[in-house]
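In my numbering, the protein residues as written are 24 to 580. From the three backbone atoms N, C-alpha and C, an ideal C-beta is built for every residue, glycine too. The model shown is predicted, which means the values in this text are computed figures rather than measured ones. Remarks on the structure that follows.
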Amino acid sequence: MPAKYIFVTGGVVSSLGKGLAAASIGCLLESRGLKVNIMKFDPYLNVDPGTMSPFQHGEVFVTDDGAETDLDLGHYERFTHAKLSRDNNWTTGRLYEQIIAKERRGDYLGKTVQVIPHVTNEIKAAMKKVAQDVDVAIVEVGGTVGDIESLPFMEAIRQMRQELGRDHTTFVHVTLVPFIAAAQELKTKPTQHSVKELLSIGIQPDILLCRTDRFLAKDLKSKIALFCNVEEEAVITAKDVASIYEVPLNFAHEGVDTLVLKYLGIEAPNRDLSKWEDIVHRSYNPKDTVTIGIVGKYVEYEDSYKSLKEALVHGALAHNLKLQLNWIEAEGLETGDKSYESQLEDYDGILVPGGFGKRGIEGMLIAIRYARENKVPYFGICLGMQTACVEFARNVVGLAEANSSEFDPATPHRVIYKLRELRGVEELGGTMRLGAWTCKIEPNTLAHNIYGALEVSERHRHRYEFNREYEEPMTAAGLRISGSTPDGTYVEMIELPEHPHFIACQFHPEFKSKPLEPHPLFRTFIGAAYEYGQKRQTEKESTAVEMFHRPEKVGRR
Ligand code: GLN
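Written out as structure tokens, the structure reads:
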């Protein structure tokens with residue numbers, strides 16, 4: 024049977040959670056035994072988000088095949104079992120790059136190359152490609168209806184309805200129903216306008232997901248249904264939630280999956296969402312809190328570390344804990360005195376995430392040294408592994424000027440240097456070491472203990488590597504290399520056996536963590552952090568008791 028399609032568009036404003044909505048619909052359809060795939064079109068002109076600033080774009084999500092993609096693909100992977108690749112995310116830039124290459128080759132046989140049909144045909148071909156071998160393909164169109172840039176995508180999905188018919192295509196439109204405080208009323212006008220905008224390009228939505236901060240009463244739903252020409256049951260309350268993992272449950276409660284199946288004429292078994300219910304139950308009923316400090320830059324913009332934050336949440340959920348996450352601006356630790364201690368002392372665990380460029384590096388080194396010396400659980404990811412190596416080289420091995428050549432090209436001790444395979448490559452787009460690579464784990468290490476395996480596959484996105492010339496002095500001083508590429512070329516993991524939990528990796532495990540399958544590196548980091556926090560608490564309490572019993576010790580007499 025050919026696949027059926029669900030098209031997800033957005034109206035009124037951006038950031039309404041179209042990606043989460045698409046992912047949640049995918050999750051619901053899987054819970055009914057269907058096979059799904061999800062893709063996103065991004066209407067901007069960059070070829071991919073790889074070279075965009077995290078402030079502009081948020082996180083760059085990396086797939087197994089090494090594509091640098093939109094962060095919504097992270098939601099798709101966390102909520103479903105869809106296998107994502109570069110086929111699952113297209114930008115206008117990448118489509119045009121492909122079309123222009125074809126034109127230069129003469130593939131269009133002298134024809135005038137136009138938006139309709141040439142661009143729209145490429146868009147449709149991209150959708151059909153991800154729809155092979157699945158029951159339902161969910162296609163999210165980035166941007167907001169009415170944007171000039173998204174028109175070719177809107178036209179392409181309109182043509183898909185024309186081509187395949189109503190029982191093979193469903194249009195889901197995500198809109199906003201704001202509560203206006205002055206009038207004490209929910210307003211439907213923005214939704215009406217947004218649907219009108221869609222209609223003007225020939226698309227009649229079937230389902231409206233109305234983002235709102237409160238439940239939509241029946242009469243309000245009837246009003247929207249009437250004005251927007253959809254069934255009343257297809258006006259869905261998409262209420263704000265404290266945990267994103269509640270979205271599939273709320274959609275199920277509103278009957279979104281039943282509606283989609285009805286419109287697409289699919290017979291499917293009843294849903295089983297018990298595992299998601301368990302996750303949500305745990306999110307709202309934690310036994311305790313664990314406090315993690317992330318030391319990095321871009322920290323004031325949480326979207327730049329979306330998968331990281333989620334992976335930490337998964338780790339906390341695995342222990343029935345609530346995650347208290349604090350983002351520490353690395354530069355703020357570079358005070359020149361000991362005042363950083365007061366900024367770091369209250370964390371159960373410290374993490375330095377991935378990043379690029381020199382800013383904040385010295386602050387990260389301060390935080391890592393603090394974690395190493397005070398035996399605070401430390402987890403370094405990518406840049407967090409490189410900085411851990413620099414810190415160790417400087418403060419343990421005694422190479423005071425050790426650095427990464429990314430931050431100081433003239434350093435006499437390039438403990439981290441440019442990947443040998445990338446020497447001479449100056450272009451920025453898609454030139455890093457990207458995607459899934461096998462990592463061989465050393466037996467009897469913390470890494471081995473954590474993974475319970477001697478070979479793992481993890482995703483990468485970096486340009487620099489550990490310089491093996493420093494392996495001898497570093498390992499002699501107590502650093503352990505616990506993971507490498509199978510041929511031994513690249514160092515992938517390091518740890519400090521003398522420390523209760525100090526581990527760092529060159530790859531990004533956060534991309535592979537899911538709420539139902541928390542990544543072992545995050546699960547164990549949170550476990551170690553919680554244990555450390557508990558121990559610290561007990562020590563504090565016993566010191567307090569001691570002081571109470573022997574007041575002379577603190578000079579009270
Ligand atoms: N800037 C470092 C490199 O390119 C680290 C990259 C990262 O953390 N993703 O190797």
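Remark: fewer than three beta-carbon pairs, one from each stretch, lie closer than 8 angstroms, so the region 105 to 117 and the region 334 to 354 are not flagged as touching. Secondary structure of Gly42 (DSSP, three-state): helix.
Just measuring C-alpha positions, the residue of Ser37, Ser565, Gly42 and Leu539 sitting nearest Trp299 is Leu539. Look at the beta carbons and you see the region 512 to 530 touching the region 384 to 401: at least three pairs across the two are nearer than 8 angstroms.
A straight-line Cα-Cα distance of about 10 angstroms links Phe102 and Ala45. Beta bridge pairing from DSSP links Gly316 with Asn349 and Ile373. Going by C-alpha positions, Arg491 is about 53 angstroms away from Lys262. Less than 7 angstroms divides the Cβ of Phe194 from the Cβ of Ile226. A distance below 8 angstroms between beta-carbons, with the five flanking residues on each side excluded, links Pro228 to the following residues of its chain, in chain order: Thr32, Phe194, Val195, His196, Val218, Leu221, Cys251 and Val253. DSSP places Phe525 within a strand segment (E or B) once states are collapsed to three. In the structure shown, Phe194 falls within a strand segment according to DSSP collapsed to helix, strand and coil. Rounded to the nearest whole angstrom, the CA to CA distance from Thr86 to Ser327 is 16 angstroms. Where Arg395 is concerned, the enclosing alpha helix (DSSP H) starts and stops at Ile384 to Glu396. Thr235 sits in a strand when the DSSP states are folded into three classes. Of the other Cβ atoms in all chains shown, fewer than 16 fall within 10 Å of the Cβ of Ser38; this residue is therefore exposed.
At the C-beta level, Pro175 and Thr198 stay beyond 7 angstroms of one another.
Every alpha helix (DSSP H) of 4 residues or more that sits fully in the region 461 to 487 is shown, in chain order, as 469 to 474. Within the chosen limit of 6 angstroms, the ligand GLN reaches the beta carbon of Leu406 through at least one heavy atom.
The region 147 to 204 contains, as complete alpha helix (DSSP H) runs of 4+ residues, the segments 174 to 187 (chain order). Contact between Ala423 and Val413 does not hold, since their C-beta atoms are separated by about 11 angstroms, which reaches or exceeds 8 angstroms. The three-state reading of DSSP puts Lys262 in strand, counting E and B together.
For the 7 angstroms CB-CB criterion, Ser223 and Ser266 do not form a contact. In this structure, Tyr487 has its beta carbon less than 6 angstroms from a heavy atom of the ligand GLN. By the Cβ test, the region 474 to 486 is not in contact with the region 388 to 395, since fewer than three Cβ pairs between them sit closer than 8 angstroms. Secondary structure note for Phe64: its beta strand (DSSP E) is the uninterrupted segment Val59 to Asp65.
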